[in-house]
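So the structure is just underneath, and the comments pick up after that.
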Amino acid sequence: MPEILDQARTQVLGDGVGLDQAGVLAVLNLPDEHLPAALQLAHDVRMRWCGPEVEVEGIVSLKTGGCPEDCHFCSQSGLFTSPVRSVWLDIPSLVEAAKQTAATGATEFCIVAAVRGPDARLMKQMREGVAAIKAEVDIQVAASLGMLSKEQVDDLVDMGVHRYNHNLETCRSYFPNVVTTHSWEERWETLRMVRDSGMEVCCGGILGLGETVEQRAEFAAQLAELNPHEVPLNFLNPRPGTPLGDRPVVEGKDALRAIAAFRLAMPRTILRYAGGREITLGDLGTRDGLLGGINAVIVGNYLTTLGRPATADLDLLNELKMPVKALSATL
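For what it's worth, full-length UniProt numbering labels the leading residue of the sequence shown as 1, then goes sequentially.
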């Protein structure tokens, strides 16, 4: 057994203390033959410190495309030639999407907008949309609207939004290679205000943007410092027309190593399968990740790409005897 796994068994599984950046890097560099042991340990950590339940979430885009930012992976940027164009979703459609999400057994419904940050029109539509959803659907509402002011944070709390997603996307040292129209520090400041407000913090990123393994470890350590309630883990699904449109996808074994490493860095965090897992891991790899530290999934489609059918994920959870987290337990 490699020394890092022995250390993690004592420190992370035994004491609930996550690995530091050097420890995460050691896991990311494990040879293939030790990957099953790392995944088993990560699963044991998840079971001990999070339990067997899996949180299921659906997402919908309130405003799609036309974003002024230049995130190099994103087809919703208005600066690239990708085929996504600006569209707004009306309130009845938003409520219907929430109903469909709840019908899968999901407890979380996240409203997403492709913006630098919300303007008055978007905040008004959010208030109306959240109120309409709460009147008709028994589900918790999260939001992802870009960078916020303190007043906007307070407004979202007043609306009843309980969790806010704002991804750091990658580590601080690599961020300028991915986004130039705003800084990593600006994102961090929004996350700080969200955490101070009492809303739950959802913050993750995308692996496979061109970062080194060392920078992947740096990212895990920075997320652990933030201590988010949830970390969505995406794998780059290269989008035509974006600057990263011709990047190769992450190798399946590297994706699984990352899942184990991020779990060992954050033993108590909800670690959620998000975009790109279908092409990076496929069905077998998806199973391996659920048995290797993952304890939450986004079901159905993502914002501009197709996901697995919700029934496929729910059937797999049932097969693995992983209960879906009940809404009543989270209210």
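In this text, a Cβ means the ideal position worked out from N, Cα and C, and glycines have one as well.
These figures come from a predicted structure and were not determined experimentally.
**Asked** Which whole runs of the alpha helix (DSSP H) in the stretch 167-236 are 4 residues long or more, in chain order?
**Response** 184-197 and 213-226
**Asked** What whole-angstrom Cβ distance do T107 and V56 have, given they're in contact under 8 Å?
**Response** Along the sequence shown, one-based indexing puts residue 107 at 107. Along the sequence shown, one-based indexing puts residue 56 at 56. Yes, T107 and V56 are in contact; Cβ-Cβ is about 7 Å, under 8 Å.
**Request:** Please state whether DSSP places V297 in a helix, a strand or coil.
**Result:** Here residue 297 refers to the residue found at position 297 when the sequence shown is read from its first residue. Looking at V297 - three-state DSSP - the assignment turns out to be strand.
**Asked** Terminal residues of the continuous alpha helix (DSSP H) containing A142?
**Response** The residue given as residue 142 occupies position 142 in the sequence shown. No alpha helix (DSSP H) contains A142, which is instead part of the beta strand (DSSP E) from Q140 to S144.
**Message:** For A97, which residues in the same chain have their Cβ closer than 7 Å to its Cβ, ignoring the five residues on either side in sequence?
**Reply:** One-based indexing of the sequence shown puts residue 97 at position 97. So the list reads V60, once near-sequence residues are dropped.
**Asked** Does DSSP put E55 in a helix, a strand or coil?
**Response** Numbered from its first residue, the sequence shown carries residue 55 at position 55. Note: E55 maps to strand in three-state DSSP.
**Request:** Identify whether E278 lies in helix, strand or coil by the three-state DSSP scheme.
**Result:** In the sequence shown, counting from the first residue as 1, residue 278 sits at position 278. The answer is helix: DSSP assigns E278 an H, G or I state.
**Message:** From the DSSP secondary-structure annotation, give me the bridge partner or partners of C110.
**Reply:** In the sequence shown, the residue the question calls residue 110 occupies position 110. Bridge partners of C110: I59 and A142.
**Prompt:** How many Å lie between Q140 and V161 at the Cα?
**Reply:** For the purposes of this step, residue 140 is taken as residue 140 along the sequence shown, with counting starting at 1. For the purposes of this step, residue 161 is taken as residue 161 along the sequence shown, with counting starting at 1. Using only the alpha carbons, I get a separation of about 8 Å.
**Prompt:** Since F73 contacts V178 with CB under 8 Å, what's their CB separation in whole angstroms?
**Reply:** By one-based count along the sequence shown, residue 73 stands at place 73. By one-based count along the sequence shown, residue 178 stands at place 178. Yes, they are in contact, since the Cβ atoms of F73 and V178 sit about 7 Å apart, within 8 Å.
**Message:** Just to check my reading of the structure: E128 and I91 have Cβ atoms closer than 8 Å, yes? What is that Cβ distance to the nearest angstrom?
**Reply:** Walking along the sequence shown from the start, residue 128 turns up at place 128. Walking along the sequence shown from the start, residue 91 turns up at place 91. With 8 Å as the limit, E128 and I91 qualify as a contact, their Cβ atoms being about 6 Å apart.
**Request:** Identify which residue in M266, G210, C71 and P238 has its Cα closest to the Cα of G146.
**Result:** In the sequence shown, counting from the first residue as 1, residue 146 sits at position 146. The shortest Cα separation from G146 among M266, G210, C71 and P238 belongs to C71.
**Item:** Reduced DSSP category for G271 - H, G, I as helix; E, B as strand; rest coil
**Value:** Against the sequence shown, residue 271 aligns to sequence position 271. Checking the displayed sequence, the identity of residue 271 turns out to be Leu instead of Gly. L271 falls in the strand class under three-state DSSP.
**Other residues of its chain near V213: CB distance less than 6 Å, five sequence neighbours each side excluded** = Taking the first residue of the sequence shown as 1, we reach residue 213 at position 213. Hits under 6 Å: L28.
**Exposure label - M126; buried when at least 16 CB within 10 Å** = Sequence index remark: in the sequence shown, residue 126 carries index 126 (1-based). That one is buried.
**Asked** Which of helix, strand or coil does DSSP assign to V324?
**Response** Taking the sequence shown and counting its residues from 1, one reaches residue 324 at position 324. Residue state, collapsed to three classes: strand.
**Message:** Just checking S149 against the ligand MG - is the residue's beta carbon closer than 8 Å to any of the ligand's heavy atoms?
**Reply:** This structure lacks the ligand MG; in fact it carries no ligand of any kind.
**Closest by C-alpha distance to L207, when choosing among V115, A312, G252 and E3** = Translated into the one-based positions of the sequence shown, residue 207 becomes position 207. Closest by alpha carbon: G252.
**Request:** Look at the Cβ atom of residue 333, then the Cβ atom of V194, and state whether they are nearer than 9 Å.
**Result:** As displayed, the chain neither begins before 1 nor continues past 331, which places residue 333 out of reach and without an answer.
**Message:** Can you give me the C-alpha to C-alpha distance between V112 and M1, rounded to a whole angstrom?
**Reply:** As a first step, residue 112 is located in the sequence shown; it is residue number 112 there, counting from the start. As a first step, residue 1 is located in the sequence shown; it is residue number 1 there, counting from the start. One C-alpha to the other measures close to 43 Å.
**Message:** Spatial neighbours of L331 within its chain, please: C-beta separation below 6 Å, excluding the five flanking residues on both sides.
**Reply:** Position 331 of the sequence shown, counted from the start, is the residue given in the question as residue 331. A caution first: L331 carries a pLDDT of 29, below 50, which makes its placement in the model unreliable, though a value can still be read off. Once the five neighbours on either side are set aside, L331 has no close Cβ partner at all.
**Request:** Since I believe T286 is in contact with F235 (beta carbons under 8 Å), could you give me their beta-carbon distance rounded to a whole number of angstroms?
**Result:** In the sequence shown, counting from the first residue as 1, residue 235 sits at position 235. In the sequence shown, counting from the first residue as 1, residue 286 sits at position 286. That belief does not hold up - the Cβ atoms of F235 and T286 are roughly 11 Å apart, past 8 Å.
**Asked** If we call anything under 9 Å between Cβ atoms a contact, is V299 one with G117?
**Response** Along the sequence shown, read from residue 1 onward, the residue named residue 299 stands at position 299. Along the sequence shown, read from residue 1 onward, the residue named residue 117 stands at position 117. Not a contact, by the Cβ cut-off of 9 Å.
**Prompt:** Helix, strand or coil: how does DSSP classify N29 here?
**Reply:** The count along the sequence shown starts at 1 and reaches residue 29 at position 29. Correct three-state label for N29: coil.
**Prompt:** DSSP three-state call for R163: helix, strand or coil?
**Reply:** On the sequence shown, residue 163 is found 163 positions in, with the first residue counted as 1. DSSP places R163 in strand when its eight states are reduced to three.
**Prompt:** Measuring CB to CB, does residue 351 end up less than 9 Å from S144?
**Reply:** This structure does not reach residue 351, given that the chain is present from 1 up to 331, and the question cannot be answered.
**Prompt:** Hey, A142 and C202: beta-carbon distance below 9 Å or not?
**Reply:** In the sequence shown, counting from the first residue as 1, residue 142 sits at position 142. In the sequence shown, counting from the first residue as 1, residue 202 sits at position 202. In this structure, C202 lies closer than 9 Å to A142 by Cβ.
**Message:** At the level of alpha carbons, what is the spacing between S86 and P176?
**Reply:** Reading the sequence shown from its first residue, position 86 is the one you call residue 86. Reading the sequence shown from its first residue, position 176 is the one you call residue 176. Because the pLDDT at S86 is just 44, under 50, the model does not fix this residue reliably, and the value given afterwards should be weighed accordingly. Answer to the nearest angstrom: the Cα atoms are 25 Å apart.
**Message:** Within 10 Å of its beta-carbon, does residue 336 have 16 or more other beta-carbons around it, so buried, or fewer, so exposed?
**Reply:** Outside the displayed span of the chain (1 to 331) sits residue 336, for which this structure offers no information.
**Prompt:** Just how far apart, CA to CA, sit N227 and R187?
**Reply:** By 1-based counting over the sequence shown, the position of residue 227 is 227. By 1-based counting over the sequence shown, the position of residue 187 is 187. Cα to Cα, N227 sits roughly 15 Å from R187.
**Request:** State the DSSP-derived secondary structure class of residue 344, mapped to helix, strand or coil.
**Result:** Summary: the structure shown does not reach residue 344, with the chain confined to residues 1 through 331, and so no result is reported for it.
**Prompt:** Looking at A260 and L35, is the spacing between their C-beta atoms short of 9 Å?
**Reply:** By 1-based counting over the sequence shown, the position of residue 35 is 35. By 1-based counting over the sequence shown, the position of residue 260 is 260. Yes. Within cutoff.
**Request:** Specify, as a first and last residue, the run of the alpha helix (DSSP H) that M147 falls within.
**Result:** As a first step, residue 147 is located in the sequence shown; it is residue number 147 there, counting from the start. Neither: M147 is in no alpha helix (DSSP H) and is coded neither H nor E.
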